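The structure appears right after this line, and notes come after that.
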Ligand SMILES: [Zn+2]
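In this note's numbering, the protein residues as written are 52 to 353.
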């Protein structure tokens with residue numbers, strides 16, 4: 052029970068079912084919450100970013116009002132854990148099944164939007180942590196969808212067995228591979244660091260006859276202890292993410308793209324707040340600043 056050692060305030064925000072990433076990172080980190088970085092006038096600490104991402108246990112479970120983001124892309128996740136539905140004439144794609152406990156709520160959100168959960172043909176994920184991909188087994192049971200995963204995340208996924216269920220893996224892909232269904236193509240970009248197989252998915256969506264580049268970002272959050280391997284991975288990933296064509300930044304946690312704020316600005320006939328070219332590198336700016344600050348603290352002092 053590593054969690055017993057956590058600061059009380061942190062323990063309260065973690066769900067009983069425990070996000071693997073939160074446990075890992077907090078257990079590895081020192082009790083004081085440092086370093087602090089300031090990006091675009093806002094201050095961030097490691098725990099602060101974790102709290103921003105995860106919210107409370109209730110936030111993680113409670114469905115956020117499902118909504119269309121752009122074109123054929125919809126939000127069907129919870130208040131703090133993203134799940135995206137991409138609708139095609141030949142069936143649908145789901146990115147992130149969240150925790151197994153979230154799957155019924157995702158199915159309900161899909162139905163509320165007027166689609167059938169059973170029409171999901173492909174399940175993808177951003178990275179092999181339970182708060183994003185634990186629900187794969189149950190979602191596959193309910194839909195028969197193919198689960199396609201990034202090679203480098205296979206070991207972590209194989210170890211993810213909610214209720215003893217084997218994690219389904221129907222197809223293993225590598226960096227640059229594409230997944231297509233019903234005229235939609237998603238490209239997998241390996242953006243490792245947060246996990247070895249962290250995958251940023253990109254696609255194009257059309258709205259009012261115009262194409263927009265959509266980026267489903269994987270977390271760029273650095274672990275509390277940065278190994279030389281993770282350092283190299285993150286350095287590569289920040290470069291990749293910054294170079295991606297992007298009009299609509301999305302992320303595996305809604306806070307990474309300020310979903311709540313943008314959703315509140317949605318108005319029939321109004322401009323689409325999710326089109327946010329200027330915001331495409333905001334999350335990378337925050338996480339890269341934190342990454343360098345942690346590295347700086349880790350550097351041997353002479
Ligand atoms: Zn994670």
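Ideal placement from N, C-alpha and C gives every residue a C-beta, glycine not left out.
Computed from a predicted structure; not experimentally measured.
Check	Outcome
With a 10 Å radius around its C-beta and 16 neighbouring C-beta atoms as the bar for buried, classify residue 221 as buried or exposed.	exposed
Using a Cβ-Cβ cutoff of less than 6 Å, which residues in the same chain neighbour residue 241 once the five nearest sequence positions on both sides are dropped?	226
Residue 278 and residue 254 look like a contact to me (Cβ under 8 Å); what is the Cβ gap, rounded to whole Å?	That belief does not hold up - the Cβ atoms of residue 278 and residue 254 are roughly 32 Å apart, past 8 Å.
What is the residue span of the beta strand (DSSP E) that residue 264 lies within?	261-268
State whether the stretch 200-219 contacts the stretch 176-190, with contact taken as three or more CB pairs (one from each stretch) at a distance under 8 Å.	yes
Report the option in 343, 152 and 269 whose CA atom is closest to the CA atom of residue 109.	152
Is DSSP giving residue 130 helix, strand or coil here?	coil
Which residue wins for smallest C-alpha separation from residue 230, given the options 268, 137 and 164?	137
Report yes if the C-beta of residue 270 is less than 8 Å from at least one heavy atom of ligand 3; otherwise report no.	Among the ligands present in this structure, namely ligand 1, ligand 3 is not found.
Could you give the C-beta distance for residue 303 and residue 270, rounded to a whole number, given that I count them as a contact under 8 Å?	5 Å
Any heavy atom of ligand 1 inside 8 Å of the beta-carbon of residue 242?	no
Taking only the alpha-carbon atoms, compute the straight-line gap between residue 299 and residue 259 and give it to the nearest angstrom.	15 Å
Which class does residue 78 belong to by DSSP, given the choice of helix, strand or coil?	A caution first: residue 78 carries a pLDDT of 42, below 50, which makes its placement in the model unreliable, though a value can still be read off. Looking at residue 78 - three-state DSSP - the assignment turns out to be helix.
Quick check: does the Cβ of residue 251 come within less than 8 Å of any heavy atom belonging to ligand 1?	no
Is it the case that the CB of residue 218 approaches a heavy atom of ligand 1 more closely than 8 Å?	no
Candidates 85, 198 and 183: which alpha carbon is nearest residue 245's?	183
Let me check you understand the geometry: is the CB of residue 131 closer than 8 Å to at least one non-hydrogen atom of ligand 1?	no
Quick one: residues in its chain with C-beta nearer than 6 Å to the C-beta of residue 216, no 5 flanking neighbours on either side, listed in chain order?	188
Apply the 10 Å Cβ neighbour rule to residue 185 and answer buried if 16 or more other Cβ atoms are within range, or exposed otherwise.	buried
Who are the Cβ neighbours of residue 204 in its own chain at under 7 Å, not counting the five residues just before and after it?	178, 179, 246, 247 and 248
Give me the residue from 333, 346 and 120 with the minimum Cα distance to residue 90.	333
Can you name, in chain order, every residue of its own chain whose Cβ lies under 7 Å from the Cβ of residue 86, other than the five neighbours on each side?	344, 345 and 348
Indicate whether residue 305 and residue 115 have their beta-carbon atoms separated by less than 9 Å.	yes
Locate the alpha helix (DSSP H) running through residue 314, then write down its first and last residues.	310-315
Can you tell which of 239, 159, 219 and 99 has the C-alpha that lies nearest to the C-alpha of residue 291?	239
Starting from the C-beta of residue 297, find all residues in its chain whose C-beta is less than 6 Å away, skip the five residues before and the five after it, and write them out in chain order.	264, 266 and 331
Over the uninterrupted beta strand (DSSP E) stretch that includes residue 197, give me the two end residues.	197-201
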